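Counting along the sequence shown from 1, when you hit position 115 you're at 115 in my numbering, and nothing is skipped either side.
No residue lacks a Cβ here, since even glycine has one placed at the ideal position from N, Cα and C.
Given the structure is predicted, the values throughout are model-derived calculations rather than measurements.
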Amino acid sequence: IFNDFVAGVIQNEDMTEILLRLGSTECTEYLISPNIELHAQLNKKAQSLRLLLSSIPDQIKERSVFLQTIKDIAQSIKDLLNCVNNFYQSNTNNPAVMQNKRLFDHHKKNFVRCSKAFSDSLRNFFKDNQPSIVFLSANKLITQTNVLMRTIKIITEKG
């Protein structure tokens, strides 16, 4: 990752764009042990969203392709949230989940807020044609996805 980052800086690419392109890099810190099918689905849905978001710099220049990418991102956000909700519902008897309910809810709400902010940045992009706003918002959504996954990982390791 570091070499890709340095190469991007040397090529004078926008730092936000570089970070967004690197945002899909898998990190074990955010991977939940896939020994349960629902955990594997969470990992898969989160990585799918990261991949779609990190593809924005390549897709944003061609409107029709970018519009499809936006639809895919919206579906990916919905799929991840459904999976997160399924995780919570299937773990209501788990003391670790119930003890960390406030933390879990807090990060889930932040994820939803970040998703809405991303949507707002897209509206602004179509008005102002400033991709850096979309890149920044997509980076924030990747970060919030990682925070949510890290929270779930911590909770599952306690249980």
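{"Query": "A96 and L56 - do their beta-carbons sit closer together than 8 Å?", "Result": "Reading the sequence as shown, one finds Ile at residue 56 and not Leu. Taking 8 Å as the Cβ cut-off, I56 and A96 do not qualify as a contacting pair."}
{"Query": "How about the segment 16 to 27 and the segment 42 to 62: do they share at least three Cβ pairs that are nearer than 8 Å?", "Result": "yes"}
{"Query": "As a quick exercise: from Q75, N124 and Y30, pick the residue whose alpha carbon is nearest that of E157.", "Result": "Y30"}
{"Query": "With a 10 Å radius around its C-beta and 16 neighbouring C-beta atoms as the bar for buried, classify R113 as buried or exposed.", "Result": "exposed"}
{"Query": "Between the segment 102 to 117 and the segment 76 to 84, do at least 3 Cβ pairs fall closer than 8 Å?", "Result": "yes"}
{"Query": "Could you give the residue range of the alpha helix (DSSP H) that holds N124?", "Result": "K101 to D128"}
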